[in-house]
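Chemist:
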Amino acid sequence: MKKIHLFIVTFLIGMNPILAEQYAPYQLKVTDSRLVKENGRLSVEFTIDYSSLEVPANDELIVTPVITKGQDTLSLPFLLFPGKTRDKANQRKMRLYGKEENFPVPYATLYPGGKGQLLFTYRQQLPLEEWMYGGQLELLQNVYGCADCHKILASMPLNYIANPPQVAFIIPVIDQQQKDTLTLYVHFPWDQAVILPDFMNNATALGRMDHSIESILRKQPGKIQQIALTGYASPEGKYTYNARLAGRRANAVKEYILRKHDITGNLIATDTVPEDWQGVRHWVDSSNLKYKKEIVDIIDNTPDPDAKDNRLRRLDKSVTYNRLLRQAYPFLRRVEYRVNYHAAPLTLEELKTVYRTHPEKLSPAELYSLCQTYPQGSPEFNEIIFTTVRLYPNNAAANNNAAAVALQQNDMAHAKAYLSQAGNTKETVNNRGVLFQLEGNIPEAIQCFKEACANGCQESIQNLNNLERTQSIQ
């Protein structure tokens, strides 16, 4: 006849002796139980005290460590505690029949009834599988006696296998209005406001401007928000005249665009810089002019533009002034072109192509969209995340996401640096909690998780549950 007795007893690390008495006559105590997850492996270790264990002569106690989660279980090599008569019978069987399939070799055979404290440390290492996260390590006790009587004494929960802390990513804000990064200059001869395609580099500039406009109209008709044209004049002569000249140059390019492209005039905004003194100063700064210091002083400290021009003329009998007229001023007589437009989302293939050739042309949102096409934690995913923060070092979302990947890689130093630039969103607070947890600062980790939970961070809810459950059995 088979009798089965099942007792559910919560067993904590450093178990209270009062609880241990509930296992009489098979008194066992377990101390120093721990699980270590490292490099894809799970190390199981606990010390069992069987000093008070009494096993009847005809019985044997089998203690089996088992990892369980729902319907999934994994039994580890067992410990055997035989009574004296049963041990002799087992050895006789082994001599007569050898190892049988139904009589597997135990991890260790331990003999109760000795003098003093009897301790044994169990150590086992196994591959850490995905299903084990959220599971529990238990000790199953089975007693086998005469006539194959079998008793299940108790399930002894030891450790909770905590899920790895969950990092949180931020979806960057989509900026639908983008600027064409192409900056073009259409140049003009002295005192003229007529576009000459063959003058200086105008043929190339006009061709690139036409291509820029047509490519937007072809792919995204009606999405141009504004074309901005700024007319410039060099600073020789009267300021009032130069202001009109700069305006005429801007209007000349505007009329050119309206003639060649299907665009309404209200989409084109014109502005002027009547005298480009900043351009003069930039050229002087990079030159080897003898009177560079004096010229910079005149530009910076003479408010009236006409007086500024006159002072330059008088410097060293106009030698420097004439050099400016020949070498610097021709490049100042120009119109600057730029365009703002609503960009249609790129296809996946377009994103991949641009990423391979010019990743700097993709926004943080586009880069994040691209990384989502790869498994989280894959080399491709991580590379795109780190590329984003390299291109946009001041973007809070990019820093948060780079910190998340660094935490997954146990790179605490970089994670901490990224988090310092990531702001205080619920995702960032969660990731700070993960950093604290990995560093062993559990109180700070719990505080961060609670704050992020209050703001609706799902990852923090899971992290807090796992951490509190782990803490409750320690």
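Per the working numbering, residue 1 is the first one in the sequence shown, and the count goes up by one each step. Even glycine gets a Cβ: it sits at the ideal position worked out from N, Cα and C.
Could you tell me if Lys-254 is buried or exposed, where buried requires 16 or more neighbouring beta carbons within 10 angstroms of its beta carbon?
Modeler: Classification for Lys-254: buried.
Chemist: How should Val-105 be labelled, buried or exposed, when 16 other C-beta atoms within 10 angstroms of its C-beta is the threshold for buried?
Modeler: By the neighbour-count rule (16 or more Cβ atoms within 10 Å), Val-105 is not buried but exposed.
Chemist: Can you name the residues that DSSP bridges to Asp-276?
Modeler: According to DSSP, which records beta bridges pairwise, Asp-276 is partnered with nothing at all.
Chemist: Per DSSP, what kind of secondary structure is Arg-333 in: helix, strand or coil?
Modeler: Three-state result, Arg-333: coil.
Chemist: On the DSSP letters alone, give me the boundaries of the alpha helix (DSSP H) that Thr-183 sits inside.
Modeler: Thr-183 -> no alpha helix (DSSP H), and no H or E assigned at all.
Chemist: Does Ala-269 come within less than 8 angstroms of chain C when only Cβ atoms are used?
Modeler: Of the protein chains in the structure, only one exists, and it is not chain C.
Chemist: Jot down the residue ranges of each uninterrupted alpha helix (DSSP H) in the segment 107-148, minimum 4 residues, whole runs only, in chain order.
Modeler: You should have found no qualifying run.
Chemist: Can you tell me which of the three DSSP states Ala-228 falls into?
Modeler: In the structure shown, Ala-228 sits in a strand (DSSP, three-state: E or B).
Chemist: Below 8 angstroms, how does it come out for the segment 120-138 and the segment 57-76: are there three or more Cβ pairs, yes or no?
Modeler: At 8 angstroms Cβ cutoff, the stretches touch.
Chemist: What does the alpha-carbon distance come out to for the pair Asn-455 and Glu-427?
Modeler: Their Cα atoms are separated by approximately 9 angstroms.
Chemist: Determine the DSSP secondary structure at Lys-238, reduced to helix, strand or coil.
Modeler: Of the three classes helix, strand and coil, the one that applies to Lys-238 here is coil, per DSSP.
Chemist: Using the DSSP secondary-structure output, state which residues sit across from Ile-48 in a beta bridge.
Modeler: Val-30 and Phe-120.
Chemist: Would you report the Cα separation of Gly-423 and Leu-206, rounded to the nearest angstrom?
Modeler: Straight-line Cα distance between these residues: approximately 44 angstroms.
Chemist: Out of Leu-370, Asp-32, Arg-313 and Pro-165, state which residue places its alpha-carbon closest to the alpha-carbon of Ala-445.
Modeler: Checking every option, the nearest Cα to that of Ala-445 belongs to Pro-165.
Chemist: Any idea which residues DSSP pairs Arg-41 with across the strands?
Modeler: For Arg-41, which the question treats as bridged, DSSP gives the partners Glu-38 and Pro-127.
Chemist: By DSSP, does Pro-82 sit in helix, in strand, or in coil?
Modeler: Of the three classes helix, strand and coil, the one that applies to Pro-82 here is strand, per DSSP.
Chemist: Exposed or buried, what is Glu-459 when buried is set at 16 or more other beta-carbons lying within 10 Å of its beta-carbon?
Modeler: With 16 or more Cβ atoms within 10 Å of its Cβ, Glu-459 is classed as buried.
Chemist: What is the DSSP secondary structure of His-522, counted as helix, strand or coil?
Modeler: The question about residue 522 has no answer here: the residues shown for the chain are numbered 1 through 474.
Chemist: Report yes if the CB atom of Arg-139 is closer than 8 angstroms to the CB atom of Pro-65, and no otherwise.
Modeler: Before going on, a small fix: residue 139 reads as Leu here, not Arg. In this structure, Pro-65 lies closer than 8 angstroms to Leu-139 by Cβ.
Chemist: Quick check on DSSP: helix, strand or coil for His-414?
Modeler: Correct three-state label for His-414: helix.
Chemist: How many whole angstroms separate the CB atoms of Pro-77 and Asn-90, which I take to be in contact at a CB cut-off of 8 angstroms?
Modeler: Rounded, the Cβ-Cβ distance is 17 angstroms, inconsistent with contact.
Chemist: Does the distance from the CB of Gln-408 to the CB of Val-167 come in under 8 angstroms?
Modeler: It is a contact, given that the beta carbons lie within the stated cut-off.
Chemist: State the Cα-Cα distance for the pair Ala-233 and Ala-406, rounded to the nearest angstrom.
Modeler: If you take the alpha carbons of Ala-233 and Ala-406, they lie about 52 angstroms apart.
Chemist: Leaving out five residues on either side along the sequence, give the residues of the same chain with a beta carbon under 6 angstroms from the beta carbon of Gly-114.
Modeler: Closer than 6 angstroms at Cβ, skipping near neighbours: no residue.
Chemist: For Pro-497, collect the residues of the same chain with a Cβ closer than 7 angstroms to its Cβ; drop the 5 residues on either side in sequence, then sort them by chain order.
Modeler: Given that the chain is displayed from residue 1 to residue 474, the structure contains no residue 497 and the question cannot be resolved.
Chemist: Applying the criterion that 16 or more other CB atoms from any shown protein chain within 10 Å of the CB defines a buried residue, is Asp-191 buried or exposed?
Modeler: Exposed: under 16 other Cβ atoms inside 10 Å.
Chemist: Put Gln-261 into one of helix, strand or coil per three-state DSSP.
Modeler: Before going on, a small fix: residue 261 reads as His here, not Gln. In the structure shown, His-261 sits in coil (DSSP, three-state: anything other than H, G, I, E or B).
Chemist: Quick check: the segment 244-263 against the segment 288-299, are at least 3 beta-carbon pairs closer than 8 angstroms?
Modeler: No: the two stretches stay apart, fewer than three of their Cβ pairs being nearer than 8 angstroms.
Chemist: In the DSSP output, what is Leu-61 paired with across the bridge?
Modeler: Answer is Phe-81 and Val-143.
Chemist: Could you please give the first and the last residue of the uninterrupted beta strand (DSSP E) stretch that includes Leu-289?
Modeler: Neither: Leu-289 is in no beta strand (DSSP E) and is coded neither H nor E.
Chemist: According to DSSP, Asp-300 sits in a beta bridge with which residue or residues?
Modeler: In DSSP, Asp-300 forms no bridge with anything.
Chemist: Among Asp-285, Ser-212, Pro-235 and Glu-275, which has the Cα closest to the Cα of Lys-260?
Modeler: When each option's Cα is compared against that of Lys-260, the closest is Ser-212.
Chemist: Hey, would you say Val-36 sits closer than 8 angstroms to Thr-47, going by beta carbons?
Modeler: No.
Chemist: If you run the structure through DSSP and keep just helix, strand and coil, what is Leu-518?
Modeler: The question about residue 518 has no answer here: the residues shown for the chain are numbered 1 through 474.
Chemist: Terminal residues of the continuous alpha helix (DSSP H) containing Leu-367?
Modeler: It spans 364-371 - the alpha helix (DSSP H) in which Leu-367 sits, taken as one unbroken run.
Chemist: Going by beta-carbon coordinates alone, are Thr-272 and Gly-231 separated by less than 8 angstroms?
Modeler: Against a cut-off of 8 angstroms, the Cβ pair of Gly-231 and Thr-272 comes out as a contact.
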